[in-house]
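Participant: Encoded as structure tokens, here's the structure I'll be asking about.
Number of protein chains: 2
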Amino acid sequence: MEKFTPRQTEIIEASLELIAEQGIQSLTIKNLSETIGISEPAIYRHFKDKMDILLSILTYFKLQNLQILQEVAVIRERATVKLWKIFSQRFRLFSNKPSLAVVIFSEEIFQNEEKLRDRVRLIMKDLSETVKNIIIEGQKEKEIRSDLEPDQLLLIIMGSIRMIIKKWRMENYSFSLEKEGEKMWTSLLTMIKE
Amino acid sequence: MEKFTPRQTEIIEASLELIAEQGIQSLTIKNLSETIGISEPAIYRHFKDKMDILLSILTYFKLQNLQILQEVAVIRERATVKLWKIFSQRFRLFSNKPSLAVVIFSEEIFQNEEKLRDRVRLIMKDLSETVKNIIIEGQKEKEIRSDLEPDQLLLIIMGSIRMIIKKWRMENYSFSLEKEGEKMWTSLLTMIKE
DNA sequence: CATTGGTTAGTGAGTATTAACTAATAGGTT
DNA sequence: AACCTATTAGTTAATACTCACTAACCAATG
């Protein structure tokens, strides 16, 4: 997987900030260069074109995501503990870089270009499949209730997690995502455990 | 509340289609006028400016929304039946006009302008408060489990409903939202009932 | 002395919006 | 019925501006 130069990372993170604060429409080469403090053409020394920047944003997220999922894949723990590992790591990640949450949870932003849309789907699929497998595992071990299909549980869990992040965002990050996220997980646990 | 002329409705619905299919960036006066088959300046005979169109899209949705909520407010039924009324109506609404689902569930689209953001929040708040009140009522009547806070149940229910709609959308409306939505609601019921 | 990363000045295409004009229509007066 | 006039809903042409991107040049660095 490609790595990024410091300047590229700077551009990607500036892009995230711009999108998070003022929407995708504000992600222009001009705004970007002004934020960073270089001229517009200088951007093109680091990225082929704008599409390249957008694709790199998703790669950037994929890298962060992959790391979390791989860490969890290794550990030998109960299913519910694994799930909490995944979600708490994400809460921490988003707390540290809120713009990431905004951009990733607005798949709509990347909807209009096929290349982008496919990459977003892939990222979501990675997470969904991992979570689903852990749910199935939890059901086998009589740790998670079996009277509901894994797919339904998946949707409920993922939807709830997304919802708390969305709320956090809409209320201008005014509460602790890590704390409220944990509370949400506790509630979910109460409902899904055997 | 304002009403719309036929032409205005036509413009609003064309806007919804454009946004749903190709993202907010494709909502230009040119695309709009081409879709409808009139010249660009003709648009301005019906709306003051582009912002006026965006605001009207939200008003358009608010009108639909309000109707559903008012219908439910009247009926004398158990809490869970009321909730299902609300959600099933929405599933039907979105099935009939998918573009509405896309646009309304992408609040990000309207994030960059304060006026728009406020209006989106208001619409969400209307629904949230109604649902929350019904949940509290259901808990009082021992119909909904009381070991979880209403706010938590609200987030879980709303998150799950949103998630199934999002999935429907990302899979290009390839399954019946009404059918899968009912299935989702059945699962939720299993989990939240006393 | 080639590469890297920057600059200034420009391109053509696309943006929302306005000015000026017009055909069709509806209502009131003769 | 025939005429006058205001309104409605459209047109073409043009505005000022922003967009992504490029050409040409330059200074520092290894």
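In order, the protein sequence lines correspond to chains A and B. Just so we're on the same page, our numbering is the position in the first sequence counted from 1, plus 3. Just so we're on the same page, our numbering is the position in the second sequence counted from 1, plus 3. Ideal Cβ placement from N, Cα and C applies to all residues, glycine included. From a predicted model like this one, the values you see are computed outputs, not experimental measurements.
Below 8 Å, can you find three or more Cβ-Cβ pairs linking the region 24 to 33 of chain A to the region 24 to 32 of chain B?
Facilitator: These segments touch.
Participant: Do you know whose CA, among A:Trp188, A:Ile71, A:Arg165 and A:Lys6, lies nearest A:Asp129's CA?
Facilitator: Taking the first sequence and counting its residues from 1, one reaches residue 129 of chain A at position 126. Of A:Trp188, A:Ile71, A:Arg165 and A:Lys6, the residue nearest in Cα terms is A:Ile71.
Participant: Strictly under 8 Å for the Cβ-Cβ distance: is B:Leu21 near chain A by that measure?
Facilitator: The residue you call residue 21 of chain B lines up with position 18 of the second sequence. Not one chain A Cβ lies under 8 Å of B:Leu21.
Participant: Taking 8 Å as the threshold (beta carbon to beta carbon), is B:Gly141 in contact with chain A?
Facilitator: Taking the second sequence and counting its residues from 1, the one referred to as residue 141 of chain B is at position 138. By this cut-off, B:Gly141 is not an interface position.
Participant: Output, in chain order, the set of chain A residues within a Cβ distance shorter than 7 Å of B:Thr193.
Facilitator: Taking the first residue of the second sequence as position 1, residue 193 of chain B is located at position 190. In chain order: Asp150 and Leu151.
Participant: By the 10 Å Cβ neighbour count, where 16 or more other Cβ atoms means buried, how is A:Leu156 classified, buried or exposed?
Facilitator: Within the first sequence, the letter at position 153 stands for residue 156 of chain A. Answer is buried; the Cβ neighbour count reaches 16.
Participant: Name the two residues that bound the continuous alpha helix (DSSP H) containing A:Gln67.
Facilitator: On the first sequence, residue 67 of chain A is found 64 positions in, with the first residue counted as 1. First-last of the alpha helix (DSSP H) with A:Gln67: Lys53 to Val77.
Participant: Check whether the Cβ of B:Ser163 lies closer than 8 Å to any Cβ atom in chain A.
Facilitator: Against the second sequence, residue 163 of chain B aligns to sequence position 160. By this cut-off, B:Ser163 is an interface position.
Participant: How about B:Glu197 and B:Arg165: are their beta carbons less than 8 Å apart?
Facilitator: Here residue 197 of chain B refers to the residue found at position 194 when the second sequence is read from its first residue. Here residue 165 of chain B refers to the residue found at position 162 when the second sequence is read from its first residue. No, they are not a contact pair.
Participant: So for A:Met4, helix, strand or coil by DSSP?
Facilitator: Residue mapping note: residue 4 of chain A aligns to position 1 of the first sequence, counting from 1. Confidence at A:Met4 is low in this model, with a pLDDT of 49, below 50, so the placement of that residue is unreliable and no value is reported for it.
Participant: Measure from the C-beta of A:Glu111 to each C-beta in chain B and report whether the shortest distance is under 8 Å.
Facilitator: The sequence position of residue 111 of chain A within the first sequence is 108, counting from 1. Taking Cβ atoms only, chain B reaches closer than 8 Å to A:Glu111, which makes this a yes.
Participant: Examine chain B for any beta-carbon lying closer than 8 Å to the beta-carbon of A:Ile167, and answer yes or no.
Facilitator: Indexing the first sequence from 1 puts residue 167 of chain A at position 164. Yes - at least one Cβ of chain B is within 8 Å of the one on A:Ile167.
Participant: Could you check whether B:Thr193 and A:Asp150 sit closer than 8 Å to each other, using their CB atoms as the reference points?
Facilitator: As a working mapping, residue 150 of chain A is identified with position 147 in the first sequence. As a working mapping, residue 193 of chain B is identified with position 190 in the second sequence. Closer than 8 Å, so yes.
Participant: Which whole-angstrom value describes the C-beta separation of A:Ile14 and B:Leu191, a residue pair presumed to lie in contact below a C-beta threshold of 8 Å?
Facilitator: Here residue 14 of chain A refers to the residue found at position 11 when the first sequence is read from its first residue. Here residue 191 of chain B refers to the residue found at position 188 when the second sequence is read from its first residue. In fact, because the Cβ distance is near 43 Å, the residues do not count as touching under 8 Å.
Participant: Applying the 10 Å Cβ sphere with the 16-neighbour rule, what's the burial state of A:Lys118?
Facilitator: In the first sequence, the residue the question calls residue 118 of chain A occupies position 115. Exposed: under 16 other Cβ atoms inside 10 Å.
Participant: Would the region 170 to 182 of chain B count as touching the region 88 to 108 of chain B if we require 3 or more Cβ pairs under 8 Å?
Facilitator: Yes: the two stretches touch, three or more of their Cβ pairs being nearer than 8 Å.
Participant: Do B:Ala45 and B:Ser59 have their C-beta atoms closer together than 8 Å?
Facilitator: In the second sequence, counting from the first residue as 1, residue 45 of chain B sits at position 42. In the second sequence, counting from the first residue as 1, residue 59 of chain B sits at position 56. No, the pair does not count as a contact, with Cβ atoms beyond the cut-off.
Participant: Which class does A:Ile147 belong to by DSSP, given the choice of helix, strand or coil?
Facilitator: Counted from its first residue, the first sequence places residue 147 of chain A at position 144. In this structure, A:Ile147 counts as strand in the three-state DSSP scheme.
Participant: Would you please state the rounded distance, in angstroms, between the beta carbons of B:Leu61 and B:Val123? I believe it to be under 8 Å.
Facilitator: As a position in the second sequence, residue 61 of chain B is number 58, starting the count at 1. As a position in the second sequence, residue 123 of chain B is number 120, starting the count at 1. Right, the Cβ-Cβ distance comes to about 7 Å (below 8 Å), so this counts as a contact.
Participant: Determine the direct distance from the alpha carbon of B:Lys135 to that of B:Asp154, and round the result to whole angstroms.
Facilitator: Here residue 154 of chain B is taken as the residue at index 151 of the second sequence, counted from 1. Here residue 135 of chain B is taken as the residue at index 132 of the second sequence, counted from 1. Those two C-alpha atoms are separated by around 7 Å.
Participant: Are A:Glu43 and A:Ala82 closer than 8 Å when you measure CB to CB?
Facilitator: Stepping through the first sequence from its first residue, residue 43 of chain A is reached at position 40. Stepping through the first sequence from its first residue, residue 82 of chain A is reached at position 79. Going by C-beta atoms, A:Glu43 is not nearer than 8 Å to A:Ala82.
Participant: Please report the distance separating the alpha-carbon of A:Pro101 from that of A:Gln92.
Facilitator: Taking the first sequence and counting its residues from 1, the one referred to as residue 101 of chain A is at position 98. Taking the first sequence and counting its residues from 1, the one referred to as residue 92 of chain A is at position 89. Distance between the alpha carbons of A:Pro101 and A:Gln92 is about 13 Å.
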